[in-house]
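Asks: Here the protein sequences line up with chains A and B, keeping their order. Note that our numbering has the first sequence beginning at 39, numbered continuously upward. Note that our numbering has the second sequence beginning at 7, numbered continuously upward.
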Amino acid sequence: MPDWKKEIRERLAGLRLAPTREAEIVEELSQYLEDCYEELLAGGMTKEDAWRTAFEGLDESDLLARELSKVERPVSQEPVVFGARVAGRINLLSDLWRDLRFGIRMLVKSKGFTIVAVLSLALGIGANTALFSVVDAVLLKTLPVAEPERLVLFAWQAGRPFRVSGMSGTSNVPGPPGTRTLSLFRYEVFEKMRQARSQATESPLSDLFAFAPIQEMNAVVGDQAEIVSGQAVSGSYYAGLRMQPSLGRAITDEDDKPGASPVVVLSHQYWQERLGGSPAVIGQQLKLNKQSLTIIGVTPPAFTGTMQVDYHPAVTVPFAFEPLLQGERSNLGTKDQPGVWWINLMGRLKPGATQEQARDSLNGAFQAAALEVMPPPRKANQPAQLEPKDYPRLITESGSRGMLDRRRSYSPTIYGLFIVVALVLLIACANVANLLLARATLRSAEISVRLAVGAGRWRLVRQLLTESVLLAALGGVAGVVFAFWARSALRVLTDKDTGILPNGVDLTLNWRVLVFTLAVSLLTGVLFGLVPAWRATSKDLTMALKQSRRTTGAVSRLSKGLIVAQVALSLLLLIGAGLFIRTLYNLQQVNLGFNQENLLLFRLQAQQNGYKDERLMQFYQQLLARLDHLPGVRAATFGKVALIANDNWFFDILLPGETEMTAAGKHITNRQAVRENYFSTLEIPLLQGRSFTAQDDERAPRVAIVSQTFARQFFPDEDVLGKRVTIIDNKGEVEIVGVVADTKYMSQREELKPLIYTPWQQEVADIGEMRFTLRTAGEPTALAATVRQVVRELDSNLPVTEVSTQTARTQATLGQERQSARLLSFFGGLALLLAAIGLSGVLAYSVAQRTNEMGIRMALGAQAANVMRLVVWQGMKLVLLGLALGAATGYGLKRLLASQYFGEDAWQRQMAEQLYGVKGTDPLTFFVIAALLTLVALIACWVPARKAASVDPLEALRYE
Amino acid sequence: MLDRDLKRGSTEMLIMAMVEDRPRHGYEIGKLIEQRSNGVLQFHVASLYPLLYRLEKRGLIKGRWVEKAGERRRRFYTLTAAGRKILAEQRRTWKDFFAALDLVAGINPA
C-alpha cells in the first residue's frame, strides 16, 4: 500500500502550515487518493498504473501547493519557491528590510512571549543605564571648564614623625603604609608656593590656586535666615579654571587682598532658588555670618565646584574674608591659634608640561614652608628635628574631576551595585535566550526545509539574529524609559543623610549613557540570539524532515544550564538581602540606653550670629526658660552632641598623676556638654553620686559626670567618685561627681566607649551651637511651628535647623543599611521572578513537545497526578542543582575574597562593618531563602504540569 | 475543454449544489460531478480541494469529521445557511444569464 500521507506531506512541507491543520489536510487528501487508487484497481488497472494515474495532477507544476497556499494561511507568509535558490542577488538592504518586517510579524504573533522578553530586558537594561549614569557622574565626568585634563591636583606625603598644627577637612588619598598622605595644605605654605611659581623663570604651571570649604554659614536673604555651605578661594581660582561666570564677574587677585571690598560669587542653583534668578542681584548685598558682602557674579549652571563630589558651595568668597566670617574659628589662624591644614591646591599646566614637572618645580618651596611651620613636639617620643626621609614631599594627580577623595570612598558601593545590576541583566538575557531556544526548536521543521531548498545557513542565522536584535532594541528603548523612572529611585539613594550614593550629583542621562545603553542592548541581542540561531540551523536538524512531526521534546542541556545558573544567582542575591534585613532588624532592636519616644529635636548655631560669652549664656537661659513653660512640653534640655546621629566630640584626657608629655593620646573619651535636667529628661539612670544642678555654673568648681564604661575603663578597681581628670585643650581639672548608665552615642552599631559629661555653663567657649531636646506630651512634630516661633521672638535672624524627632533621627542613621536591604531585596526578587518565568517557560515548551508521550502514558494507565509529578520533578531537579551551585559559588567566592583579594583581617572588618548580629555564612538565612526559592519554583513548575495533566490522551495519540 | 475561468466560477456552484440535500465527502463530490456531467468536468485532488477549502473558509459549506464504526474517519461537507442563500442567488444569476444568451445569440439550454 503506497504511503499517501508521506507523499502529500512532502508536497505541503513548504507551506509551513500549523501542525493540526496540516495533519487534517494530509489525512483528507490521502483518503481521496486512496479511494481513487482503490477504484482504479477495482476497475482492472495494475498497481503501477493505478498509482501513476492517481498521482497525475499532483505533480504537474505544483498546482496543489500553489492553490492551497492561496487558501490556507500559513504560519508565516514568506513565500518559498520550490527547488530554486534565490541566489546571487546581494541586495543586502532589501534583505535586511525583509528580515525586519518578518521579525516584527513573528514578534507580534507571539505577543505573550514578546511582552515577557521585552519587559525582562527593559528592567535589566534600564537598571544598568541608570547605574551607569551614576558611575559617569561620580567617577568619570570631568569638570565643565576649558581643557580639564590640564588641571593637576596637589597632595603631599611625609613620614609619620612629621607634625601638623591641626587639620580640618577630609582627606582620603591612598599612600604607602607608615606615611601620612594628605590633600590638605596650610595657607602660609600655599602662599610660599605661589610666590615660587610666579618668581620662577620657566614654571610648568600657568596658574596655581587654592580653595577650601567654609561649612554652615548663616545666610540672610530678605528676612529669611538659613544655613548654607560655602567655600573660600584664592584670587586666581576662576582664572586658573578658565571659568567664565554666567552673570557679572568672577573673583580676581584684586579681591583677595586684605582691605579689599568684601565680595561674593553665587552658585547657579543658589541664585535660582533663593534669589529668584533675577539679574538684578549683581551689586546687591548678601549677609553671611552677620557680615555684609557684595554679590559680583553667578557661575554657570553646569559648574558645581571643584570640591568633593557631594559638596556644592552656594557662595564663594576670597580667602581674605575668611577670618571676618569665621571669627575665632578661622582656619587661617587667630592670635591664639595657629592656622590649620585645610586648603586644597590645584594648578593648570602649560601646554606640553607634565604633572611631574609641576611637582618638581614646587617641591622645594613646599618642603621649606612646611618644615618652617611645623609645631614643636608635644609628646615625649616626638623628635625635635626631622630626618630627611620623613620630610614632606609633593605628589600630584589629575585634577580633571575635582577632588577625588570622596569619589574614591563611594567606588566600592557603586561597583558593588553595578555588579548586582549586571547580574540581573544576565539573568534576563538567559531567560530570553532560553525562550528563543525553545521557539527555535519548534520552528525546526521550517528551518530545515529552508536549509534543504538551499537557503544559506548564514542567511537564516541572520534572520533569526534580526529577531533577537529587534527584541533587544525594543528592550533598550523600554529600558531608557525605565531608566528615567529609575532616576527618582536614584534620588532616594543619593539622599544627603541616608544615601549610600553621593548627594547632588547630576543624574541626567547624557549621550554617553545613551551610547552605553545602545551598546548593552545590541550586545544582549547578539548574545542571546546567536546561540539559539546557530544551534537551530545546524545540519543535524535536517533529520526533522525525515522524521514525523514529533520532535524529541528533550530540553537541551544549554537551556537546563541557563535555568540552573539563574537559580544560583537569585540565591546569592536573596541571601545578601536576607543578611541585610536581619542586620537592619538587629540594629533596630539595640537598646539605646535612653527613652527615645516623644523627643523633639532642633539645632541652633547662635555663634554664627555673633553670640558669645555672657550674651550667649543669657540667650540660652532666656530660650530655655520659655521652652520650659511651653504647653505640651514636659521638659526641655540640650546637649552639644546629637545622639545616634553619627555626631561626635572627643578629646584626650589625663588621669590623676599623668602629664601631657607622658600620656597624651593614651586615653580618649567622648564628650558631651549638657543642661542639668539632661539625664532626667532623656531618662538615663543615675547610678552613683549626683546629677548637675543650676549651681554648677561658671563660678563653681568644675565638675563632670561619667558613664559606666568610662568608670570601668579608666578606674577599674576604684571608686570613681571624687577622682579628678584633665581634659586636654580645656581649662584645668574636673572632679567626677556622678556616674550614669551607658547610652549609645554615635550609632546603634558602635560599641560603648567612655563618655564624660560636663555642665554647659562651664563650657561657654564650646557651646556656640547646641542640640535642643524637648520631651513632649504628645506627638513631637506638632510643636515644631511653636518652637520656631519662640526662637524667632528672641532673635528673628537665627535659623532653627535640623528639626526632627529622635525616633526619626535614629531610623535615619540606619538609612544605609535600610537602603542596602531594600536594594538587594528588590534585585533578588527581580532575579527570582525572572528565573521563575524562565523555568515555567522552558517546562511549558517541554510539555508541548512531549504531548505525544504524555498521551501514551495516560492511555497506558498513568494518572494525571503522576504526569504532573513527572513534570514538576523535571523542573525541581534543575532548581535543586541551582541551589547547590549557588551555595558552592557563594562559599567559594567568600573564601577567594577573604584570602586573595582582601586578606583575612580586612575581610572580617568589612563583614563587621556591613553586617550586625549575623555572620555572612549564617545557616538560618540560607535555609529560609532556599525554602523560599523552592516554594516559588514549585509554583513555577505547577503551571505547566497542570497543562500536561489536562492533555486528552486521544488527542495526543492522534499526533503522529 | 471549457475555458478555465468559467470553469472555476461555476464549479463552486456545482460543489455547493452537490451538498445541498445531503452531506458528502470530497471524493464523493468529485466523482458525482464527473458522472453527472458525463465526464466533461473532471476533478483531481489538486483542483478539488483548494475549492472545497475556499468555500469552507467563506462559510458557505461546513466540513465535519465523522467516525463510523469499523471505518476510518472521513470529512463530510454540508451546505450552510449562508451557502443556501448564495446558491439560490447564483442559480438566479445563471438563469438570467442564459436567458440573455438565448435572446441575443440563440442558445437554448435544455
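Using N, Cα and C, we set each Cβ at its ideal position, and we do this for glycine too. Here the structure is a predicted model, which means the values were calculated and not measured.
Buried or exposed for THR99 (chain B), going by 16 or more other Cβ atoms inside 10 Å?
Replies: Per the 10 Å Cβ criterion, exposed.
Asks: Please list, in chain order, the chain B residues whose beta carbon lies closer than 7 Å to that of ASP73 (chain A).
Replies: Near ASP73 (chain A) (Cβ distances below 7 Å), the residues of chain B are TYR33.
Asks: Would you tell me roughly how many angstroms separate the C-alpha atoms of SER68 (chain A) and THR58 (chain A), rounded to the nearest one?
Replies: Taking the straight line from one Cα to the other gives about 15 Å.
Asks: Alpha carbon to alpha carbon, what distance is there between GLN726 (chain A) and ALA193 (chain A)?
Replies: Straight-line Cα distance between these residues: approximately 50 Å.
Asks: Can you give me the Cβ contacts of PRO415 (chain A) inside the same chain, cut-off strictly under 8 Å, excluding the 5 residues immediately before and after it?
Replies: So the list reads ARG201, PRO421, ALA422, once near-sequence residues are dropped.
Asks: For ALA468 (chain A) and LEU565 (chain A), I'd like the C-alpha separation in whole angstroms.
Replies: Rounded to the nearest angstrom, the two C-alpha atoms are 9 Å apart.
Asks: What are the residues of the stretch 964-990 of chain A that lie near chain B, defined by any Cβ-Cβ distance shorter than 7 Å?
Replies: Residues: none.
Asks: If we cut at 8 Å on Cβ distances, does LYS63 (chain B) have a partner in chain A?
Replies: Chain A, which has a Cβ nearer than 8 Å to the Cβ of LYS63 (chain B), makes this yes.
Asks: Starting from ARG42 (chain B), find everything on chain A with Cβ-Cβ shorter than 7 Å and list it in chain order.
Replies: Neighbours of ARG42 (chain B) on chain A: none; closest Cβ ~17 Å, over 7 Å.
Asks: Nearest to GLN195 (chain A) by alpha carbon, out of A:GLY207, A:ARG750, A:THR219?
Replies: Looking at the Cα atoms, A:THR219 is the closest of the given residues.
Asks: Please give the ranges of any beta strand (DSSP E) in the stretch 16-89 of chain B, keeping only runs that are unbroken, at least 3 residues long and fully inside the region.
Replies: Within the stretch 16-89 of chain B, the complete beta strand (DSSP E) runs of at least 3 residues are 67-72, 80-85.
Asks: For PRO199 (chain A), collect the residues of the same chain with a Cβ closer than 7 Å to its Cβ; drop the 5 residues on either side in sequence, then sort them by chain order.
Replies: Excluding sequence neighbours, PRO199 (chain A) sits near GLN420, PRO421, LEU424, ASP428.
Asks: So, does the CB of GLY52 (chain A) fall closer than 8 Å to a CB anywhere in chain B?
Replies: Answer no: the Cβ-Cβ gap between GLY52 (chain A) and chain B never drops below 8 Å.
Asks: Applying the 10 Å Cβ sphere with the 16-neighbour rule, what's the burial state of TRP911 (chain A)?
Replies: Label assigned to TRP911 (chain A): exposed.
Asks: By a C-beta neighbour count over all protein chains shown, 10 Å radius and 16 as the cutoff for buried, is HIS306 (chain A) buried or exposed?
Replies: Buried is the call here.
Asks: Measuring only the C-alpha atoms, how far is PRO413 (chain A) from PHE456 (chain A)?
Replies: PRO413 (chain A) and PHE456 (chain A): Cα-Cα distance of roughly 46 Å.
Asks: Given that LEU55 (chain A) touches chain B, what residues does it touch there, using C-beta distances under 7 Å?
Replies: Those within 7 Å of LEU55 (chain A) in chain B number zero; the least Cβ separation is about 11 Å.
Asks: Closer than 6 Å by C-beta to LEU503 (chain A): which residues in its own chain qualify, once you throw out the five before and the five after it? Chain order, please.
Replies: Cβ within range, chain order: GLY567, ALA571.
Asks: Is it true that the CB of LEU607 (chain A) sits closer than 8 Å to the CB of VAL569 (chain A)?
Replies: No, they are not a contact pair.
Asks: Per DSSP, what kind of secondary structure is LEU196 (chain A) in: helix, strand or coil?
Replies: In the sequence as presented, Leu is not what sits at residue 196 (chain A); that position holds Ala. In the structure shown, ALA196 (chain A) sits in a strand (DSSP, three-state: E or B).
Asks: I'd like to know whether the C-beta atoms of LEU498 (chain A) and ILE485 (chain A) end up nearer to each other than 8 Å.
Replies: Cβ distance < 8 Å, so LEU498 (chain A) and ILE485 (chain A) count as in contact.
Asks: The stretch 48-75 of chain B: which residues have C-beta closer than 7 Å to a C-beta of chain A, in chain order?
Replies: Taking 7 Å as the Cβ-Cβ cut-off against chain A, the residues of the stretch 48-75 of chain B that qualify are HIS50, VAL51, ALA52, SER53, TYR55, PRO56, TYR59, ARG60, LYS63.
Asks: Quick one: what's SER284 (chain A) bridged to in DSSP?
Replies: Paired residues: none, contrary to the question.
Asks: I think LEU177 (chain A) touches GLY440 (chain A), with their Cβ atoms under 8 Å apart; what is that distance to the nearest whole Å?
Replies: About 12 Å separates the two Cβ atoms, so there is no contact after all.
Asks: Against ARG90 (chain B), what residues of chain A qualify as contacts under a CB-to-CB distance less than 8 Å, listed in chain order?
Replies: Result: empty, since nearest Cβ-Cβ is about 22 Å, beyond 8 Å.
Asks: By the three-class DSSP mapping on this structure, what secondary structure does PHE752 (chain A) have?
Replies: Here PHE752 (chain A) sits in helix by DSSP.
Asks: Taking buried to mean at least 16 other C-beta atoms within 10 Å of its own C-beta, is MET699 (chain A) buried or exposed?
Replies: MET699 (chain A) is exposed by the Cβ-count criterion.
Asks: Could you tell me if SER937 (chain A) is buried or exposed, where buried requires 16 or more neighbouring beta carbons within 10 angstroms of its beta carbon?
Replies: Classification of SER937 (chain A): exposed, given that the 10 Å Cβ count is below 16.
Asks: Give a yes or no on contact between the stretch 328-340 of chain A and the stretch 282-294 of chain A, applying the rule of three or more CB pairs nearer than 8 Å.
Replies: A contact exists between the stretch 328-340 of chain A and the stretch 282-294 of chain A.
Asks: To the nearest angstrom, report how far apart SER241 (chain A) and PHE223 (chain A) are at their CA atoms.
Replies: Using only the alpha carbons, I get a separation of about 20 Å.
Asks: Mind checking whether TYR83 (chain B) and LYS68 (chain B) have CB atoms under 8 Å apart?
Replies: Their beta carbons are under 8 Å apart, which means TYR83 (chain B) touches LYS68 (chain B) by this criterion.
Asks: Tell me, please, whether the CB atom of ARG30 (chain B) is closer than 8 Å to any CB atom in chain A?
Replies: No, because no Cβ of chain A sits closer than 8 Å to the Cβ of ARG30 (chain B).
Asks: Can you list, in chain order, the residues of its chain with a C-beta nearer than 6 Å to that of VAL118 (chain A)? Leave out the 5 residues immediately preceding and following it.
Replies: In this prediction, VAL118 (chain A) has a pLDDT of 41, which is less than 50 and means its spatial position is unreliable; what the coordinates show is noted afterwards. Within the same chain, VAL118 (chain A) has close Cβ partners GLY52.
Asks: Looking at GLY958 (chain A) and MET949 (chain A), is the spacing between their C-beta atoms short of 8 Å?
Replies: Yes; because the gap between Cβ atoms is below 8 Å, this pair is in contact.
Asks: Measuring alpha carbon to alpha carbon, tell me which of A:GLN901, A:CYS979, A:THR927 ends up nearest LYS915 (chain A).
Replies: Among A:GLN901, A:CYS979, A:THR927, the Cα nearest to that of LYS915 (chain A) is on A:CYS979.
Asks: Is the CB of LEU106 (chain A) under 8 Å away from at least one CB in chain B?
Replies: Cβ-Cβ to chain B under 8 Å: yes for LEU106 (chain A).
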